[in-house]
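> Got a structure for you, questions after.
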Amino acid sequence: MAATFLVFLVAVFLGCAAQDEVLSFPDDFLFGAASAAYQVEGAWDQDGKGENIWDRLVHTHPEMIADGQNGDVATDAYHKYTEDIKALLELGVDFYRFSISWSRILPNGNISVINQPGIDYYNNIINALLANNIQPVVTMYHWDLPQPLQDLGGWPNSVMVDFFEDYARILFKNFGDRVKWWITFNEPYETTTGYSASTGVDAPAIDLSGIGDYLTAHTILKAHATAYHVYDTEFRAEQNGKIGITLNNDWQEPKTDSNDDKLAAELAMQFHLGWFAHPIYIGDYPEIMKERIANNSRAEGRNSSRLPVF
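Numbers -18 to -1, 1 to 292, taken from mature numbering (1 follows the signal peptide of the UniProt record, and there is no 0), label the letters of the sequence shown in order.
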């Protein structure tokens, strides 16, 4: 019995050791933390910051949020970023990913007014992070479009590509000497929900389902590509950074082995992740999206598909 128990312990130990080796992180794996401007900064109208779509929504319709709360103060990172960095040091992170508020840099959404206090704020964060050996990872857009641009139609309007290009160039010029990791858009799928039937508490809460959401995605994809090429042609050689996009998706599994369930799972994946990833990696929307939306559009009596064409 003792010998058997000893063999069992050795087997368990070796099994755990092997498992630990398999599950070990690479030496160059980076651990970090992340935040989003509207969720943490507060100071929603201080030092020249303009109004964004979340400011407008929660102030106009406080009933949409539990207890009528909003991001006017949030965790007050605008005034307490040094405390946040101390917390990051205690966590021992390698990087901190934060987003820049477009409205804090360009209160009107365009380059007619460039808000220096906003630039100073993000410079202070970046410099403090680097002084503490924490790499800044900057998200350029996290679902907080300047309200003046929403007044022009928001993301369904393709002119947003030009506005985003100007905004991106300002960020690269002011911060790119120290920021080496850029993310153009965080979870662009979520931005589309503000223009679809799934909206309600998603800014700007406009129901343009089946048209506005597809136009939004199309504009964002072109804005992402434009910002990438601006960085590649104008800044990469000198700044030597990387630029990408963050996509989100819930993994889908068919409930059964039936063909209908398998198709449903595939459709869910393609209409969520494929919607954005396929154009980026392949150059066009998934075939199943193009076919389905075109067929539905014809059945509705439309002379063209509701899905835009690249």
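By construction, the Cβ of each residue, glycine as well, lies at the ideal position given by its N, Cα and C atoms. Bear in mind the structure is a predicted one, so any value in this text is a computation, not a measurement.
#1: So what does DSSP say about residue 281, is it helix, strand or coil?
#2: What three-state label does DSSP hand residue 143 in the structure shown?
#3: So does the region 44 to 52 actually touch the region 182 to 201, counting three or more Cβ pairs closer than 8 Å?
#4: Whole beta strand (DSSP E) runs in the region 93 to 154 with 3 or more residues, listed along the chain?
#5: Report the start-end ranges of each beta strand (DSSP E) in the region 163 to 210 that is 3 residues or longer and not cut off at the edges.
#6: Count the other CB atoms within 10 Å of the CB of residue 80; is the residue buried (16 or more) or exposed (fewer)?
#7: Could you check the C-alpha separation between residue 265 and residue 111 for me, to the nearest Å?
#8: From the DSSP output, read off the bridge partner residues of residue 77.
#9: Any heavy atom of the ligand PLP inside 8 Å of the beta-carbon of residue 171?
#10: By Cβ distance below 8 Å, which residues in the same chain neighbour residue 227 in space, the five residues on each side in sequence not counted?
#11: For the beta strand (DSSP E) holding residue 225, just list the boundary residues, first then last.
#12: From which residue to which residue does the alpha helix (DSSP H) around residue 39 run?
#13: Using the C-alpha atoms, what's the distance from residue 83 back to residue 23?
#14: Between which residues of its own chain and residue 225 is the CB-CB distance below 6 Å, once the five residues before and five after are set aside?
#15: Helix or strand or just coil, what does DSSP make of residue 237?
#16: What do you get for residue 19, buried or exposed, if any count of 16 or more other CB atoms within 10 angstroms of its CB means buried?
#17: Return the first residue and the last residue of the alpha helix (DSSP H) that residue 85 is part of.
#18: Residues in its own chain within less than 7 Å of residue 202 by CB, not counting five upstream and five downstream?
#19: Check the C-beta distance from residue 194 over to residue 187 and give it rounded, since I have them as a contact under 8 Å.
#20: Would the region 145 to 165 and the region 101 to 119 be scored as touching if the rule is three or more Cβ pairs under 8 Å?
According to the structure data:
#1: Within the sequence shown, the letter at position 299 stands for residue 281. Helix at residue 281.
#2: Start at 1 with the first residue of the sequence shown, and residue 143 comes out as number 161. Looking at residue 143 - three-state DSSP - the assignment turns out to be helix.
#3: yes
#4: Taken in chain order, the complete beta strand (DSSP E) segments of 3 residues or longer contained in the region 93 to 154 are 117 to 123.
#5: 163 to 168
#6: The residue labelled residue 80 in the question sits at position 98 within the sequence shown. Label assigned to residue 80: buried.
#7: Along the sequence shown, read from residue 1 onward, the residue named residue 265 stands at position 283. Along the sequence shown, read from residue 1 onward, the residue named residue 111 stands at position 129. Each residue's alpha carbon lies about 37 Å from the other.
#8: Your numbering for residue 77 matches position 95 in the sequence shown. Residue 77 is bridged to 14, 117.
#9: The ligand PLP is absent from the structure shown, which contains no ligands of any kind.
#10: Walking along the sequence shown from the start, residue 227 turns up at place 245. Cβ neighbours of residue 227 beyond the five flanking positions: 165, 166, 167, 170, 206, 258, 262.
#11: As a first step, residue 225 must be located in the sequence shown, where it is residue number 243. 224 to 228 is the extent of the beta strand (DSSP E) around residue 225.
#12: Locating residue 39 in the sequence shown gives position 57, where the first residue counts as 1. It spans 35 to 42 - the alpha helix (DSSP H) in which residue 39 sits, taken as one unbroken run.
#13: Taking the first residue of the sequence shown as position 1, residue 23 is located at position 41. Taking the first residue of the sequence shown as position 1, residue 83 is located at position 101. Cα-Cα distance, rounded: 9 Å.
#14: Residue numbering aside, residue 225 sits at position 243 when the sequence shown is read from its first letter. Same-chain partners within the cutoff: 164, 210, 213.
#15: Here the question's residue 237 lines up with position 255 in the sequence shown. Here residue 237 sits in coil by DSSP.
#16: In the sequence shown, counting from the first residue as 1, residue 19 sits at position 37. Burial is judged here by how many other beta carbons sit within 10 angstroms of a residue's own beta carbon; residue 19 has at least 16 and is buried.
#17: Position 103 of the sequence shown, counted from the start, is the residue given in the question as residue 85. 84 to 87 is the span of the alpha helix (DSSP H), which, as asked, contains residue 85.
#18: The residue given as residue 202 occupies position 220 in the sequence shown. Once the five neighbours on either side are set aside, the close Cβ partners of residue 202 are 137, 167, 170, 173.
#19: Here residue 194 refers to the residue found at position 212 of the sequence shown. Here residue 187 refers to the residue found at position 205 of the sequence shown. Wrong, their Cβ atoms sit about 12 Å apart, outside the cutoff.
#20: Segments in contact, yes.
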